[in-house]
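Student: Under the numbering used here, think of the first position of the sequence shown as 21, with each following residue one higher.
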Amino acid sequence: MEATQWKSIGLGAAAGASAAASVFLGRKVAQTAKISSGHPLKHRALDLASGVMQAKYPLEAMSTYLNGFHMYADEMNRQVEASHFCIHLRHDLHQCVIFDRNAADARLIGIEYIIPEERFRDLPEDEKKLWHSHHYEVKSGILVAPGVPEIAERSYFNDLVTTYGKTFHTWQYDRDDFPYGIPQLMMGFTDDGQADQDLISERDRRIGISTAQRRKSRAQIPKPEVAEGANAWETGQTLQTRLQHMNFKR
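In structure tokens, the structure reads:
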């Protein structure tokens, strides 16, 4: 190939990369502008500069997006949708931030830590009471990875089905449009008939998936035995957080 042809290809590639970067930058500016619209005018310049120029490594590393539902540890009828954004921090720990939905102006509602069964079995007995299993969430199709091809999703959930999560919600958005109160311990479903089907149907319609189809496609994922100590609410006694006055220590 002649040098002029290589030069032409190089210029074309550079132009393409430049155009892609411009589109990305433009989207980032537009998104930042939308989010910062609620800020005072004097802060918006900083918001725009921060959105474009600052690296946010912990957020950028959270590459896995999962959508599911939680219930309050002490009240099954209080169920909320939860959009998780997670990173596999190390071989025995995922960490996730949770929002009410996948949108630029979503409300930050909680956190979840996810560990494998081997790590869960080594926890102190009192600690185990804070954790829930993921076996039913995966097998039932309730927990999904929107936008990911089902074959890749199944591969991921083959591992996730044996894991355990500890979840606290910091915003009771089913009751208040403001983050009142203290973090609340949340749990996951463990059997049919527990999850609110209306909530699931509305979620499925909105994000374009079928929980029933996901359930069928995961039939071959082995159902694990749940380790003793998880899903404490099933015993009829559960834990929940509360405020307590303490003496201040100097």
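Note that CB positions come from ideal geometry on N, CA and C, so glycine has one too.
Within the same chain, show all residues whose beta-carbon is closer than 7 Å to that of proline 199, passing over the 5 residues directly before and after it, in chain order.
Tutor: Thr190, Trp191
Student: Since I believe alanine 215 is in contact with histidine 152 (beta carbons under 8 Å), could you give me their beta-carbon distance rounded to a whole number of angstroms?
Tutor: Not confirmed; about 13 Å, so no contact.
Student: Quick check on this structure: which residue in Ala232, Arg195, Pro244 has the alpha carbon closest to the alpha carbon of aspartate 212?
Tutor: Aspartate 212 has its Cα closest to that of Ala232, out of Ala232, Arg195, Pro244.
Student: Assign leucine 128 to buried or exposed, taking buried as 16 or more other Cβ atoms, counted over all protein chains shown, within 10 Å of its Cβ.
Tutor: The residue is exposed, with fewer than 16 neighbouring Cβ atoms inside 10 Å.
Student: Excluding sequence positions up to five away, which residues of its chain have a Cβ less than 6 Å from the Cβ of alanine 165?
Tutor: Leu86, Glu173
Student: Beta strand (DSSP E) containing isoleucine 134: first to last residue?
Tutor: 128-135
Student: Three-state secondary structure (DSSP) at valine 158?
Tutor: helix
Student: May I ask you to verify whether the stretch 218-236 touches the stretch 179-188, counting CB pairs closer than 8 Å and requiring at least 3?
Tutor: no
Student: Helix, strand or coil: how does DSSP classify methionine 266 here?
Tutor: coil
Student: Quick one: grab the DSSP three-state call for histidine 63.
Tutor: helix
Student: If I'm right that isoleucine 107 touches methionine 82 with Cβ under 8 Å, what's the distance once you round it to whole angstroms?
Tutor: Right, their Cβ atoms sit about 5 Å apart.
Student: Just grab the DSSP bridge partners of arginine 110 for me.
Tutor: Leu113
Student: Could you name the residues that DSSP lists as bridge partners for asparagine 87?
Tutor: Ser103, Val164
Student: Which residues in the same chain as arginine 234 place their Cβ atom closer than 7 Å to its Cβ, once the five residues preceding and following it in sequence are excluded?
Tutor: Gly161, Val164
Student: Grouping DSSP H, G and I as helix and E and B as strand, with all else coil, what is methionine 82?
Tutor: coil
Student: May I ask you to report which of helix, strand or coil DSSP gives tryptophan 151?
Tutor: strand
Student: Counting only the same chain and skipping the five closest in sequence on each side, list residues whose C-beta sits under 6 Å from that of serine 103.
Tutor: Asn87, Phe119, Arg121, Asn122
Student: Could you pull the DSSP bridge partners for tyrosine 92 from this structure?
Tutor: Glu95, Met206
Student: Please identify the residue among Tyr176, Asn267, Ala252 whose C-alpha is closest to the C-alpha of glutamate 95.
Tutor: Ala252
Student: Excluding five sequence neighbours on each side, which residues of the same chain lie with their C-beta closer than 7 Å to the C-beta of glutamate 254?
Tutor: Once the five neighbours on either side are set aside, the close Cβ partners of glutamate 254 are Thr210.
Student: With lysine 186 as the anchor, note down where its beta strand (DSSP E) starts and where it stops.
Tutor: Residues 184-189.
Student: Whose C-beta lies closer than 8 Å to the C-beta of glutamine 264 among residues of the same chain, with five residues either side of it excluded?
Tutor: none
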